[in-house]
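Chains A and B, in that order, give the protein sequences. Counting in numbering that gives the first Met the number 0, the final residue of the first sequence is number 275, and the numbers go up one at a time with none missing. Counting in numbering that gives the first Met the number 0, the final residue of the second sequence is number 300, and the numbers go up one at a time with none missing. Beta carbons are placed, not taken as given, at the ideal position from N, Cα and C, and that holds for glycine. Keep in mind it's a predicted model, so treat the numbers as computed, not measured. Reading through the structure tokens given below for one structure.
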Amino acid sequence: MRWLARLPLSLLAGGGVFALIAFAALLGPAIAPYPYDGIDIMARFLPPGPAHWFGTDEFGRDVLSRLLHGARLSLLMGIGATAVSLLVGVPLGLAAGYYGGRVDESIMRLVDLLISVPPILMGILILSMTPPNPWKTAIAVGFIYVPIMVRLTRGVTLEIVAEEFVLAARARGERPWYILGAEILPNAWPPIIVESALRVTFAIMLGAALSFLGLGVHPPASDWGLMIAEARPFIVEAPWVAIAPGIVLCITVIAVNLVGDGLREVLDPRLKRGRR
Amino acid sequence: MSVLIFWATQVMPGDVAQMIVGQFATEEQVRAVRAKLRLDDPIHVQYLRWAGALLRGDLGLSLMMDRPIAPLIREAIVRSAVLAGISIVLVAAVGIWLGVFTGVRKDSKADHAVSVGMYFFISVPEFFWAIVVILVFAGYLGWLPATGYAPLSDGFWTWLKHIILPVSTLVTGLVAHIARLTRSSMIETMQSQYVTAARAKGLPERIVIRRHALRNALVPTITVLAIDVGLLMGGIVVVETVFSYPGLGRMLIFAIEQKDIPVVQAGILAVTAVYALANLAADLAYAYFNPRIRYGNAVAG
């Protein structure tokens with residue numbers, strides 16, 4: 000257990016909270032006290048109390064149960080989107096950094112083009128063309144972050160390609176994909192992982208914002224963004240319906256941010272020497 | 000950079016023109032309108048016609064409102080620009096001030112308090128923040144109107160009242176972002192040798208900070224401010240929707256809901272153009288603050 004004590008506090012605290020939320024999301028339907036779409040007209044707008052911890056909404060649906068249900072979609076959005084941006088962005092960045100020349104030029108021009116559109120507009124552009132579906136939102140959000148991943152990976156790759164062990168591998172006559180996979184990629188991971196943590200928070204927020212605008216999941220299914228949007232008409236009469244998902248969203252984002260900061264401390268050797 | 004803008008604006012409409020293809024597959028009701036608008040022509044013909052009209056300053060007609068888009072967009076852009084302009088000035092002023100304030104007093108109590116606060120504000124999504132301020136200031140306290148817009152001609156106070164909540168919502172997250180960044184670059188700069196040298200000359204701390212440290216510490220901040228303009232535009236879409244503020248963002252969302260493709264095209268084009276201009280402005284400001292890149296290859300990047 001001693002290695003655990005050496006990890007930065009932010010990583011432990013953030014990781015703990017995030018694990019808790021992820022756990023709750025996984026078990027969601029099993030531990031939810033009511034079905035997420037269970038309508039009970041008699042129990043409309045109940046304030047938080049023993050029967051309904053976070054109260055009920057305009058159809059008498061239990062807010063806690065809907066939160067747990069929405070957690071899956073919101074987390075899926077964050078993690079799925081980041082996975083998509085990694086899967087597409089990292090190979091492109093590796094290729095651009097390693098091959099250089101025309102390959103680099105064409106990939107980077109494409110990236111410049113994508114970056115010239117503000118993220119939320121890109122999301123709107125992609126999502127407004129086709130019917131909504133949570134997976135599609137995740138893919139769209141992930142796609143938005145591909146350029147950032149490409150730029151980062153390319154930068155790291157350029158640094159590593161200049162190292163002697165890459166030269167040695169080339170001299171041995173290794174094939175390019177071996178050099179990329181076995182020599183460069185393992186050394187490129189640290190900054191990519193730190194960036195990924197950051198991307199998860201941005202993706203959760205962007206996904207929630209898109210849902211909030213009505214471009215993500217559709218009722219009666221719900222994620223946190225849509226829950227807040229649906230609660231707007233009666234915000235003054237029943238604030239808990241909007242506040243509960245909002246606070247959970249904030250806690251999640253703060254937790255992932257803490258994880259990112261902690262990872263940076265562990266993985267980025269420059270920071271370790273410098274500021275602390 | 001100039002190459003990038005030229006290239007991006009040249010290719011961008013192509014993307015939007017492709018959107019019509021997606022539209023064809025899902026929408027049945029526009030069939031009649033489609034014939035009228037000659038939307039059944041091959042994509043490249045349509046695109047050329049659209050791009051040609053665009054070059055003449057003609058954005059086409061709104062499908063829903065049957066009015067020319069250009070004046071609609073112009074009105075909306077002015078309103079959004081007011082919102083964005085006030086916000087970005089506030090973000091720069093408050094963010095940089097907070098960053099310098101905490102950066103100079105590293106590890107003091109005030110620094111810790113502000114830093115924790117910033118950490119929190121950076122994690123609050125705009126749309127939730129909007130709901131909270133509406134609830135508190137419009138719902139419970141009743142000081143400010145929850146939504147809507149009043150033109151300046153209705154009187155300064157009425158106008159101001161309608162704009163306070165949207166602006167404060169837009170600003171909070173970005174201020175935190177800028178303050179954190181300025182703080183860390185300020186801390187770094189204060190440890191540099193030229194700051195020590197300036198202190199050794201016996202200059203008062205105030206002048207050391209303002210004339211020697213700040214100018215260099217601001218270089219990364221300015222780059223990020225440009226990125227924040229992009230974030231701000233995303234925020235504006237959300238904030239205008241929540242506060243029913245009739246700007247470009249709300250118009251865009253409305254057009255999407257109504258499947259009013261020409262308005263969507265024009266809106267996205269307008270936003271992208273503004274975004275590109277913001278990036279250009281940032282590059283110029285960057286060169287101004289950092290003489291090292293003023294000469295040499297200004298074209299690169």
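Using a 10 Å radius around the Cβ and a threshold of 16 neighbouring Cβ atoms, would you call residue i buried or exposed?
i: phenylalanine 281 (chain A); result: What the structure shows of chain A is the stretch from 0 to 275, and residue 281 (chain A) is not part of that stretch, so it cannot be assessed.
i: tyrosine 97 (chain A); result: buried
i: glutamine 28 (chain B); result: Only weak support exists for where glutamine 28 (chain B) lies, its pLDDT of 42 falling under 50; the value from the coordinates is given anyway. Counting Cβ neighbours within 10 Å, glutamine 28 (chain B) comes out exposed, since fewer than 16 surround it.
i: threonine 195 (chain B); result: exposed
i: phenylalanine 155 (chain B); result: exposed
i: aspartate 227 (chain B); result: buried
i: tyrosine 177 (chain A); result: exposed
i: alanine 95 (chain A); result: buried
i: glutamine 264 (chain B); result: buried
i: isoleucine 30 (chain A); result: exposed
i: valine 240 (chain A); result: buried
i: tryptophan 142 (chain B); result: exposed
i: arginine 65 (chain A); result: buried
i: histidine 51 (chain A); result: buried
i: aspartate 61 (chain A); result: buried
i: isoleucine 236 (chain A); result: Note on identity: in this sequence residue 236 (chain A) is glutamate, with isoleucine being the wrong assignment. The residue is exposed, with fewer than 16 neighbouring Cβ atoms inside 10 Å.
i: aspartate 39 (chain B); result: Confidence at aspartate 39 (chain B) is low in this model, with a pLDDT of 49, below 50, so the placement of that residue is unreliable and no value is reported for it.
i: glutamate 256 (chain B); result: exposed
What three-state label does DSSP hand residue i in the structure shown?
i: threonine 146 (chain B); result: coil
i: aspartate 61 (chain A); result: strand
i: proline 49 (chain A); result: coil
i: proline 34 (chain A); result: coil
i: proline 238 (chain A); result: coil
i: proline 118 (chain A); result: helix
i: proline 189 (chain A); result: helix
i: proline 67 (chain B); result: strand
i: methionine 189 (chain B); result: helix
Can you tell me whether residue i sits near the ligand FAD, meaning its C-beta is under 7 Å from at least one heavy atom of the ligand?
i: leucine 72 (chain A); result: Among the components of this structure there are no ligands whatsoever, and the ligand FAD is therefore not found.
Compare the Cα-Cα distances from residue i to each of the options and report the closest residue.
i: isoleucine 252 (chain B); options: A:Trp223, A:Ala208, A:Ile246, A:Gly245; result: A:Ala208
i: glycine 245 (chain A); options: A:Glu236, A:Gly172, A:Ala168, A:Met204; result: A:Met204
i: asparagine 186 (chain A); options: A:Phe201, A:Leu8, A:Leu157; result: A:Leu157
i: isoleucine 68 (chain B); options: B:Ala254, B:Leu89, B:Gly84, B:Thr220; result: B:Ala254
i: arginine 214 (chain B); options: B:Leu279, B:Arg78, B:Thr181; result: B:Thr181
i: alanine 284 (chain B); options: B:Leu268, B:Leu217, B:Ser183, B:Ser243; result: B:Leu217
i: threonine 200 (chain A); options: A:Val265, A:Leu248, A:Gly48, A:Ala18; result: A:Leu248
i: proline 150 (chain B); options: B:Glu256, B:Val270, B:Ala275, B:Tyr244; result: B:Tyr244
i: lysine 135 (chain A); options: A:Ile242, A:Leu109, A:Gly122; result: A:Gly122
i: threonine 152 (chain A); options: A:Ile119, A:Ile106, A:Asp61; result: A:Ile106
i: phenylalanine 211 (chain A); options: A:Ala228, A:Trp188, A:Ala202; result: A:Ala228
i: glycine 147 (chain B); options: B:Leu279, B:Lys108, B:Val223, B:Arg78; result: B:Arg78
i: valine 103 (chain B); options: B:Ile186, B:Arg209, B:Glu256; result: B:Ile186
i: valine 115 (chain B); options: B:Ala92, B:Gly98, B:Leu140; result: B:Gly98
i: tryptophan 188 (chain A); options: A:Leu124, A:Ala139, A:Val265; result: A:Val265
i: arginine 108 (chain A); options: A:Pro118, A:Ile125, A:Arg150, A:Leu126; result: A:Arg150
i: leucine 71 (chain B); options: B:Ala197, B:Ala269, B:Pro144; result: B:Ala269
i: threonine 251 (chain A); options: A:Ala220, A:Val216, A:Pro238, A:Ala202; result: A:Ala202
Look at residue i and residue j and say whether their C-beta atoms are less than 8 Å apart.
i: leucine 93 (chain A); j: leucine 214 (chain A); result: no
i: alanine 75 (chain B); j: glycine 246 (chain B); result: yes
i: glycine 88 (chain A); j: methionine 148 (chain A); result: yes
i: phenylalanine 120 (chain B); j: threonine 188 (chain B); result: no
i: methionine 250 (chain B); j: glycine 266 (chain B); result: yes
i: methionine 117 (chain B); j: arginine 179 (chain B); result: yes
i: leucine 82 (chain B); j: isoleucine 162 (chain B); result: yes
i: threonine 168 (chain B); j: valine 132 (chain B); result: yes
i: methionine 226 (chain A); j: alanine 137 (chain A); result: no
i: alanine 24 (chain A); j: leucine 63 (chain A); result: no
i: leucine 230 (chain B); j: isoleucine 87 (chain B); result: no
i: alanine 281 (chain B); j: threonine 220 (chain B); result: no
i: leucine 85 (chain A); j: serine 195 (chain A); result: yes
i: phenylalanine 17 (chain A); j: valine 83 (chain A); result: no
i: threonine 101 (chain B); j: valine 113 (chain B); result: yes
Would residue i count as contacting chain C if we go by Cβ distances under 8 Å?
i: phenylalanine 253 (chain B); result: Among the protein chains in the structure shown, which are A and B, there is no chain C.
**Q.** Touching by the beta-carbon criterion (3+ pairs, under 8 Å), the segment 226-237 of chain A and the segment 52-65 of chain A
**A.** Verdict: yes, contact present.
Q) Okay, do the segment 227-245 of chain B and the segment 118-132 of chain B touch, 3+ Cβ pairs below 8 Å being the bar? A) Cβ pair count under 8 Å is three or more, so yes.
Q: May I ask you to verify whether the segment 257-265 of chain A touches the segment 7-19 of chain A, counting CB pairs closer than 8 Å and requiring at least 3?
A: At 8 Å Cβ cutoff, the stretches touch.
Q. Okay, do the segment 110-120 of chain A and the segment 168-175 of chain A touch, 3+ Cβ pairs below 8 Å being the bar?
A. In short, these stretches do not touch, since the Cβ pair count stays below three.
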